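Just so you know, we're using UniProt numbering here: the sequence shown kicks off at 1 and counts up by one.
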Amino acid sequence: MNNDYLDPINSLHMPELADTTFAMDLLLRAKEGVRNIAVALTESASPDVRAVLKKQLMQGIATHQEISELMIKKKWFHPYELSEQYQLDQLSANNTIKIGKMNLFPIETNRKGLFDRTPDEH
């Protein structure tokens, strides 16, 4: 990865990186939802409210499990292999650092000649 964010070489593997990032974010949000519902459940006194929250809690747990299983299957998440998960986390951190070092607002933005055709050619 070079410092030019408009260089097409920097888009290699971006769909896969985006998928893993979105999946991890979804997993974390599902986990956060389960935690929040559990707290609300312990704070509620109404039997009707507690019944609704219990149902939502079970759905949240099932959603979290489904996302986890998908990520494990795709090898995006290694909850039982800490060394492999560490390697993925290091790769993610290094990519974040590289993206942070990119010149996102270059003075020269003309990229004519980098592509095999201009946008108006088909």
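The beta-carbon is built from N, C-alpha and C at its ideal position, and this holds for glycine as well. Being a predicted model, the structure only gives us computed values, none of them experimental.
Asked                                                                                                 : Found
Segment contact flag, the stretch 40 to 47 with the stretch 91 to 101, C-beta cutoff 8 Å, min 3 pairs : no
Span of the alpha helix (DSSP H) around Ile61                                                         : 47 to 73
8 Å CB neighbourhood of Ser68 in its chain, flanking five on each side removed                        : Leu27, Phe77, Pro79
Cα-Cα separation, Pro15 to Leu88                                                                      : 16 Å
Leu17 versus Arg29 - alpha carbon distance                                                            : 18 Å
Whole-number beta carbon distance between Leu41 and Leu53, since they are thought to touch under 8 Å  : 4 Å
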